[in-house]
Structures are given as C-alpha cells and as structure tokens.
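Structure first, commentary second.
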Amino acid sequence: MIDVEVGDPGSFTPGTARERTLELLRATAPGDVSPQGSADRCETALLVVSELVTNAVKHGRGVTAMRFRWQGPCLRIEVSDYAAAAPAVLAESADREGGRGMSIVSALCEDWGVRHRSHDLATGGKTVFATLRFRDPGFGEGPA
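Here is the structure:
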C-alpha cells in the first residue's frame with residue numbers, strides 16, 4: 538500500500554491528486570507495466586483519481602487519505618473522506634449537469650466499492666476504492 542500525503546484535506550484538489558498519481562505511476566509501476574507503454578491506462582487512472590477526489594471534495598467534506606496498491610496487473614485506488622454517504626451510479630440524464638463521475642468510474646474500472654471506516658456511519662467517513670487493470674490476462678505470453 539502506498540499512501541499519498543494529503544496534508545490539509547481542504548486544500549487537496551483533483552489537480553494535486555492527478556499530479557501525485559502520475560508521479561506514483563512513474564515511480565512504482567511493476568516492471569511489466571510501464572507508464573510510457575500504458576499511456577492510455579495512465580490517462581484512465583488520472584481520470585478515475587480525479588473523479589474520486591472530486592466526489593470527496595464536493596460531497597465528503599475533503600479528502601482525508603489517498604492510497605494506491607499494485608495487485609499484479611491491477612492498480613487499486615482508494616480515496617477516503619469525512620462523509621458516510623456512499624456515492625452512486627446515477628441514471629443517465631441529458632438535463633443534469635454533473636453527477637456522472639461514478640458512472641465513468643464504473644465503466645472504466647474492473648470494480649469499485651465503498652468501505653465505511655467506523656460503526657458510527659454519521660461521523661466515521663468512508664473509503665471509496667476502484668481497481669483499474671493495466672494489462673490484459675495473457676500479457677507477454679506470446680502467440681497462442
């Protein structure tokens with residue numbers, strides 16, 4: 538697990554999160570996953586981080602923690618905030634501005650979910666996680 542220094546939760550922005558994520562990808566990607574060779578996946582990771590952090594800032598009263606973990610070819614992204622309310626995938630609506638963040642995360646990631654940090658859901662906050670595959674099964678195995 539790699540923790541990202543958040544500092545003051547009120548000042549941790551989606552832009553800061555994207556910068557720190559790109560630094561992390563460059564520094565920690567497993568040998569068979571290169572940010573240069575997986576540019577589209579890196580862009581996807583930046584988009585997912587941006588959506589999760591935006592939700593935490595807008596609806597969760599700020600980011601309290603951001604963590605990453607490589608699990609084989611997948612990167613698990615976790616963003617924690619102060620609010621107990623879980624994000625949801627909303628029905629499509631051409632009339633609504635915003636509200637598409639978790640639909641985007643759901644479409645791009647292998648999975649996502651919410652883990653509440655306390656039995657007291659009113660004050661304990663939550664962690665939203667998303668898992669992004671950086672390479673397909675069978676990567677590097679050669680022709681069949």
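One point on numbering: in our numbering, the residue at position 128 of the sequence shown is 665, and numbering is uninterrupted.
All C-beta atoms in this analysis are idealised placements derived from N, C-alpha and C, irrespective of residue type, glycine included.
Identity of the residue in 554, 553, 582 nearest residue 647 by Cα
582
Taking C-alpha atoms, which residue in 641, 630, 599, 645 lies nearest to residue 544?
599
Nearest CA to the CA of residue 584: which residue from 557, 608, 596?
557
Given a cut-off of 8 Å, decide if residue 634 and residue 664 are closer than it, judged by their beta-carbon atoms.
no
Whole-angstrom Cβ separation of residue 640 and residue 649, contact assumed at under 8 Å?
At roughly 11 Å, the Cβ-Cβ gap does not stay under 8 Å, so residue 640 and residue 649 are not in contact.
For the alpha helix (DSSP H) that contains residue 545, what are its first and last residues?
Where residue 545 is concerned, there is no enclosing alpha helix (DSSP H), given that its DSSP letter is neither H nor E.
For residue 662, collect the residues of the same chain with a Cβ closer than 8 Å to its Cβ; drop the 5 residues on either side in sequence, then sort them by chain order.
597, 601, 617, 618, 619, 620, 621, 653, 654, 655
Quick check on residue 620: does DSSP put it in helix, strand or coil?
coil
Should residue 669 be labelled buried (16 or more other beta-carbon atoms within 10 Å of its own) or exposed?
buried
Residue range of the beta strand (DSSP E) that residue 665 falls in?
663 to 670
Span of the beta strand (DSSP E), counted from its first residue to its last, around residue 652
648 to 653
To the nearest angstrom, how far is it from the Cα of residue 588 to the Cα of residue 549?
13 Å
Return the Cβ separation of residue 671 and residue 612 in integer angstroms, given the expectation that the two are a contact with Cβ distance under 8 Å.
6 Å
Quick one: residues in its chain with C-beta nearer than 6 Å to the C-beta of residue 546, no 5 flanking neighbours on either side, listed in chain order?
599, 600, 601
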